[in-house]
Structures are given as C-alpha cells and as structure tokens.
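Asks:
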Amino acid sequence: MLKLLLATGLAGCGFSGYLLYHDVFVVHEPVVGSALIYGGCMLLVLGTSLGLVRSRSVLGDNFPG
Numbered sequence: 000m001l002k003l004l005l006a007t008g009l010a011g012c013g014f015s016g017y018l019l020y021h022d023v024f025v026v027h028e029p030v031v032g033s034a035l036i037y038g039g040c041m042l043l044v045l046g047t048s049l050g051l052v053r054s055r056s057v058l059g060d061n062f063p064g
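Heads up: the sequence shown at position 64 corresponds to 63 in numbering that gives the first Met the number 0, and the numbers run straight through without jumps.
1. Express the C-alpha separation of Leu51 and Gly16 in angstroms, rounding to a whole number.
2. Contact defined as beta carbons within less than 8 Å: I believe Gly46 pairs with Thr7. What is the distance between those atoms, to the nearest angstrom?
3. Express the C-alpha separation of Ser48 and Leu3 in angstroms, rounding to a whole number.
4. I'd like the list of long-range same chain contacts for Gly11, defined as Cβ closer than 6 Å, with 5 residues on each side in sequence excluded.
Quick look at the structure:
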C-alpha cells in the first residue's frame, strides 16, 4: 500500500511538473500548473506520512526515526 501511495505521489509530482512547464512556456497560465504541482506534492507527502505512521504501528516503538 505504501509503494502504491508513494508511486501515486511521485507520478502526480512528475505529471504536474510537466503540466507546469507546459502551462508556463506554452499556454502562459502558470496558476493551473502551480495548483497541480502543489496537489501532486501534497499527495506525495501525505502518502509518505501515512506509510510511516502505518509502519510505526506495525513495528512498534522500535521503528527508527
């Protein structure tokens, strides 16, 4: 599940980065691209956070970090 969330977040960031590049240099609407980049990166952070919380609950308090 963590790998799926992480992959989704990374794909969101990458795709949003492409859209931001396209919007800024081709369409000149950076607001849309910025919103997508922000959303994609927030998905990445959220997925990573959920994965860490889940790992801690599975492994107990001995989980490093």
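Beta carbons are placed, not taken as given, at the ideal position from N, Cα and C, and that holds for glycine. As the structure is a prediction and not an experimental result, all values here were calculated from the model.
Replies: Quick look at the numbers:
1. Counted from its first residue, the sequence shown places residue 16 at position 17. Counted from its first residue, the sequence shown places residue 51 at position 52. Each residue's Cα considered, the two are about 25 Å apart.
2. Stepping through the sequence shown from its first residue, residue 46 is reached at position 47. Stepping through the sequence shown from its first residue, residue 7 is reached at position 8. With a beta-carbon spacing of about 6 Å, Gly46 and Thr7 fall inside the 8 Å limit used to define contacts.
3. Counted from its first residue, the sequence shown places residue 3 at position 4. Counted from its first residue, the sequence shown places residue 48 at position 49. Near 13 Å, if we compare the C-alpha coordinates of Ser48 and Leu3.
4. To locate residue 11, count along the sequence shown from 1; it is residue 12. Excluding positions up to five away in sequence, the list reads Gly39 and Leu42.
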